[in-house]
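Down below is the structure, laid out as structure tokens.
In this note's numbering, the protein residues as written are 4 to 168.
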């Protein structure tokens with residue numbers, strides 16, 4: 004579920020960044036992008052605590068050392084990006100002088116005031132972090148498909164509720 008939401012956030016972010024949508028859709032899409040971004044941040048914090056407590060599922064024995072290192076590195080990068088991206092987005096929006104809503108239930112308190120220099124830094128980090136997420140997703144899916152084609156059952160293993168190898 005987190006993965007599908009992240010893909011939706013990346014698509015929404017690109018639509019907003021490149022102004023590929025009608026003006027009438029920009030504000031509602033930005034609202035949803037911010038709200039779901041905050042939800043991802045909360046879910047990733049919970050997921051990190053659970054993962055630290057229970058550990059990651061073991062990879063099948065037939066997975067070689069280079070692929071184990073690649074899988075571990077990709078996982079660390081995903082966690083880092085999915086925790087950092089919402090923070091970059093929050094600081095970008097607030098430095099632009101706007102508030103960050105959460106599905107209309109509440110608005111985050113301001114962590115930074117309006118500041119064009121800060122806005123540019125966090126806009127840059129948020130945009131390029133999104134590009135990094137896209138590249139990681141491509142590598143991750145490509146690796147999973149490669150292992151699946153070799154009969155290593157990685158895709159089934161990654162589906163919710165299917166942790167056995």
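Just so it is clear, CB atoms sit at the ideal spot from N, CA and C, and this is done for glycine as well.
(request) Taking residue 8 as part of the alpha helix (DSSP H), name the residues at either end of that continuous run. (result) Within the chain shown, residue 8 is the residue found at index 5, counting from 1. 5 to 20 is the span of the alpha helix (DSSP H), which, as asked, contains residue 8.
(request) Evaluate contact between the stretch 111 to 119 and the stretch 90 to 102, counting only Cβ atoms and requiring at least three cross-stretch pairs below 8 angstroms. (result) yes
(request) To the nearest angstrom, report how far apart residue 64 and residue 75 are at their CA atoms. (result) Sequence index remark: in the chain shown, residue 64 carries index 61 (1-based). Sequence index remark: in the chain shown, residue 75 carries index 72 (1-based). Each residue's alpha carbon lies about 15 angstroms from the other.
(message) Strictly by DSSP, which residues pair up with residue 105?
(response) In the chain shown, residue 105 corresponds to position 102, counting from 1. Paired residues: 109.
(message) So residue 8 and residue 34 are supposed to be a Cβ contact under 8 angstroms. How far apart are they, rounded?
(response) The count along the chain shown starts at 1 and reaches residue 8 at position 5. The count along the chain shown starts at 1 and reaches residue 34 at position 31. That belief does not hold up - the Cβ atoms of residue 8 and residue 34 are roughly 15 angstroms apart, past 8 angstroms.
(request) Please list, in chain order, all residues of the same chain as residue 16 whose beta carbon is under 7 angstroms from its beta carbon, the five residues on each side excluded. (result) The residue labelled residue 16 in the question sits at position 13 within the chain shown. 36, 133.
(message) Beta-carbon within less than 8 angstroms of residue 115's beta-carbon, same chain only, minus the 5 sequence neighbours each way: which residues are those?
(response) In the chain shown, counting from the first residue as 1, residue 115 sits at position 112. Cβ neighbours of residue 115 beyond the five flanking positions: 94, 97, 98, 121.
(request) Consult DSSP for residue 23 and reduce its assignment to one of helix, strand or coil. (result) Numbered from 1 along the chain shown, position 20 holds the residue referred to as residue 23. If DSSP states are grouped into helix, strand and coil, residue 23 belongs with coil.
(request) Quick one: grab the DSSP three-state call for residue 136. (result) Your numbering for residue 136 matches position 133 in the chain shown. Three-state result, residue 136: helix.
(request) Check whether the stretch 124 to 142 touches the stretch 81 to 92, taking contact to mean three or more Cβ pairs, one atom from each stretch, closer than 8 angstroms. (result) yes
(request) Could you check how far apart the C-beta atoms of residue 24 and residue 32 are, in whole angstroms? I think they sit under 8 angstroms. (result) For this step, residue 24 is matched to residue 21 along the chain shown. For this step, residue 32 is matched to residue 29 along the chain shown. About 6 angstroms separates the two Cβ atoms, so the contact holds.
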